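In the UniProt record's numbering, the protein residues as written are 1 to 413.
Idealized CB from N, CA, C, for every residue including glycine.
Here the structure is a predicted model, which means the values were calculated and not measured.
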């Protein structure tokens with residue numbers, strides 16, 4: 001017969017199937033030695049990694065879920081982590097998610113994650129269980145009434161990247177329920193999401209995706225969209241990469257700023273040669289230097305026109321076409337320099353639906369003087385005025401809306 005150590009190994013459990021599951025479930029009993037309970041919960045956790053069939057075998061024993069939950073209070077960090085990890089796997093199955101809720105798993109997980117002595121590993125497994133709860137729209141409301149939003153938002157700043165990643169995923173699901181938006185914003189979620197989105201580290205790929213998804217959902221509320229714009233981001237309609245095939249770069253001419261004004265000519269040759277190519281090097285008078293707004297407009301225009309020319313616009317870093325969020329696949333979020341230039345580029349395309357969406361987005365983003373000035377410098381006004389004569393009614397209406405929003409900053413002659 002196998003030794004005690006052999007029986008307790010994940011490999012032995014995997015090979016023998018349910019033969020030993022009942023034994024280890026019984027070892028979870030409150031009347032057993034703490035070491036035996038720890039050994040049992042760790043073994044069952046590893047066994048549950050085998051998928052739903054293994055989880056089914058564990059859950060066939062009445063009362064086992066209550067014994068698992070009780071170990072969240074264990075003084076042993078190893079036992080507590082294993083209990084949270086096993087609950088994470090069990091609650092990934094919808095049928096057992098409801099059983100866990102009825103047995104008080106949510107409350108105990110919340111209590112566990114609030115401990116001041118919690119380890120990053122326990123924190124991660126507890127958050128993964130909360131993540132499973134957040135998938136279910138009905139259970140999100142229990143989260144709202146549990147005072148857990150503030151800790152979840154705080155975990156977006158956690159030092160452990162795995163904890164941060166799960167917290168971002170939970171937030172992404174919570175934003176799918178509109179009733180959560182106010183509480184999340186009050187908890188300070190927008191600046192944290194913006195910071196995560198702007199982090200360039202390769203390890204943050206999933207975190208950036210979840211942060212973008214959350215911000216897109218939050219931006220559906222006008223007041224929260226304004227807060228996002230104030231943080232330097234712009235909501236952009238996803239019009240499909242095929243719409244950009246109509247983009248044709250301007251033929252070579254003397255360079256001009258995006259707003260249409262020409263860059264000052266000079267008869268003085270550049271001492272570096274290539275006068276037109278190195279145009280900026282012949283501007284020797286301070287008053288002739290372009291201001292920061294014009295420079296940003298030129299940078300944004302160059303970035304977006306390059307992406308359009310090479311067919312890479314609306315594609316992510318992995319070459320996949322971008323999507324918005326889990327429910328809202330019609331928008332994405334861009335930094336304001338690129339976002340302003342992207343919207344101005346879209347209103348110059350031929351797709352009437354894309355033009356109308358972009359014009360409306362320009363109006364929505366014109367929430368402060370900085371953004372209105374940025375659109376003016378990017379050349380939005382000239383294009384929008386031309387679109388007032390468009391034969392498509394939605395395009396005319398969207399253009400008029402955008403110009404109305406921009407008119408607080410711009411005087412038309």
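### Query
Quick one, which of 241, 197 and 175 has its alpha-carbon nearest residue 218's?
Taking the first residue of the chain shown as position 1, residue 218 is located at position 218. Answer by Cα proximity: 175.
### Query
Where do the ends of the alpha helix (DSSP H) carrying residue 360 lie?
As a first step, residue 360 must be located in the chain shown, where it is residue number 360. Unbroken alpha helix (DSSP H) run through residue 360: 352-365.
### Message
Going by C-alpha to C-alpha distance, which of 237, 393 and 365 sits closest to residue 313?
### Response
Translated into positions along the chain shown, residue 313 becomes position 313. Considering only alpha carbons, the answer is 237.
### Query
Count the other CB atoms within 10 Å of the CB of residue 405; is the residue buried (16 or more) or exposed (fewer)?
As a position in the chain shown, residue 405 is number 405, starting the count at 1. Its Cβ being crowded by 16 or more others within 10 Å, residue 405 is buried.
#### Entry: Option in 132, 54 and 143 with minimal Cα separation from residue 440
With the chain running from 1 to 413 in the structure shown, residue 440 is simply not present.
### Query
Considering only residues of the UniProt repeat "ARM" (63-105), which uninterrupted alpha helix (DSSP H) runs meet the minimum length of 4 residues and lie entirely inside it, listed in chain order?
64-70, 77-90 and 94-102
#### Entry: residue 376, DSSP secondary structure in three states
What you label residue 376 is simply residue 376 of the chain shown in a count that begins at 1. Helix.
### Query
Tell me which same chain residues have a C-beta within less than 6 Å of the C-beta of residue 73, skipping the five on either side of it?
Taking the chain shown and counting its residues from 1, the one referred to as residue 73 is at position 73. The answer is none, since no qualifying residue turns up.
#### Entry: Top-ranked residue by Cα proximity to residue 190, from 226, 177, 204 and 82
Position 190 of the chain shown, counting from 1, holds the residue named residue 190. It is 226.
### Task
Using a Cβ cut-off of 9 Å (strictly closer), state whether residue 75 contacts chain D.
Of the protein chains in this structure there is only one, and it is not chain D.
### Query
Along the chain, where does the beta strand (DSSP E) that runs through residue 332 open and close?
Within the chain shown, residue 332 is the residue found at index 332, counting from 1. 331-335 is the extent of the beta strand (DSSP E) around residue 332.
### Task
Label residue 141 either buried or exposed according to how many other C-beta atoms from any shown protein chain fall within 10 Å of its C-beta, with 16 as the threshold for buried.
Against the chain shown, residue 141 aligns to sequence position 141. Classification of residue 141: exposed, given that the 10 Å Cβ count is below 16.
### Message
Counting C-beta neighbours from all protein chains within 10 Å, is the total for residue 304 16 or more, i.e. buried, or is it exposed?
### Response
Counted from its first residue, the chain shown places residue 304 at position 304. It is buried - the Cβ of residue 304 has at least 16 other Cβ atoms within 10 Å.
### Query
Going by the CB atoms, is the gap between residue 68 and residue 90 shorter than 9 Å?
On the chain shown, position 90 is the one that residue 90 refers to. On the chain shown, position 68 is the one that residue 68 refers to. Going by C-beta atoms, residue 90 is nearer than 9 Å to residue 68.
### Query
Out of 39, 81 and 368, which has the shortest C-alpha to C-alpha gap to residue 122?
As a first step, residue 122 must be located in the chain shown, where it is residue number 122. Nearest option by C-alpha distance: 81.
### Task
Quickly, what does DSSP pair residue 235 with across the bridge? List them, please.
Translated into positions along the chain shown, residue 235 becomes position 235. Paired residue(s): 333.
### Query
Under three-state DSSP, which class holds residue 61?
Within the chain shown, numbered from 1, the residue matching residue 61 stands at position 61. It is coil, neither helix nor strand.
### Query
So, do the segment 45-55 and the segment 28-37 have three or more beta carbon pairs nearer to each other than 8 Å?
no
### Message
Please classify residue 281 as buried or exposed, where buried requires at least 16 neighbouring CB atoms within 10 angstroms.
### Response
Locating residue 281 in the chain shown gives position 281, counting from the first residue. Because the pLDDT at residue 281 is just 49, under 50, the model does not fix this residue reliably, and the value given afterwards should be weighed accordingly. Under this definition residue 281 is an exposed residue.
### Query
Roughly how far, in whole angstroms, is the beta-carbon of residue 430 from the beta-carbon of residue 129, given that I think they are within contact range, below 8 Å?
Shown here, the chain extends from 1 to 413; a query on residue 430 therefore has no answer.
### Query
Do residue 344 and residue 383 have their C-beta atoms closer together than 9 Å?
Along the chain shown, one-based indexing puts residue 344 at 344. Along the chain shown, one-based indexing puts residue 383 at 383. Contact flag set, yes.
### Query
Looking at C-alpha atoms only, which residue of 42, 241, 370 and 76 is the closest neighbour of residue 330?
Counting from one through the chain shown, the residue named residue 330 turns up at place 330. Ranking 42, 241, 370 and 76 by Cα distance to residue 330 puts 241 first.
### Query
How about residue 362 and residue 395: do their beta carbons lie closer than 9 Å?
Position 362 of the chain shown, counted from the first residue, corresponds to residue 362. Position 395 of the chain shown, counted from the first residue, corresponds to residue 395. No; because the gap between Cβ atoms is not below 9 Å, this pair is not in contact.
### Message
For the ligand MG, is there any heavy atom lying closer than 8 Å to the beta carbon of residue 406?
### Response
The ligand MG is not among the ligands present in this structure, which contains no ligands whatsoever.
### Query
Under three-state DSSP, which class holds residue 306?
Here residue 306 refers to the residue found at position 306 of the chain shown. Residue 306 falls in the helix class under three-state DSSP.
### Query
Is the distance from the Cβ of residue 233 to the Cβ of residue 185 below 9 Å?
Working through the chain shown from its first residue, we reach residue 233 at position 233. Working through the chain shown from its first residue, we reach residue 185 at position 185. Not closer than 9 Å, so no.
### Query
Hey, how far is the Cα of residue 106 from the Cα of residue 388?
Numbered from its first residue, the chain shown carries residue 106 at position 106. Numbered from its first residue, the chain shown carries residue 388 at position 388. Rounded to whole angstroms, residue 106 to residue 388 spans 56 Å at the Cα level.
#### Entry: Assigned secondary structure, residue 416 (DSSP; H/G/I helix, E/B strand, else coil)
With the chain running from 1 to 413 in the structure shown, residue 416 is simply not present.
### Message
Threshold first: 4 residues or longer. Then list the alpha helix (DSSP H) segments lying entirely within the segment 159-217, N to C.
### Response
161-174, 181-186 and 189-197
### Task
Can you give me the Cβ contacts of residue 206 inside the same chain, cut-off strictly under 6 Å, excluding the 5 residues immediately before and after it?
Residue 206 sits at position 206 when you count from the first residue of the chain shown. Here the set comprises 165.
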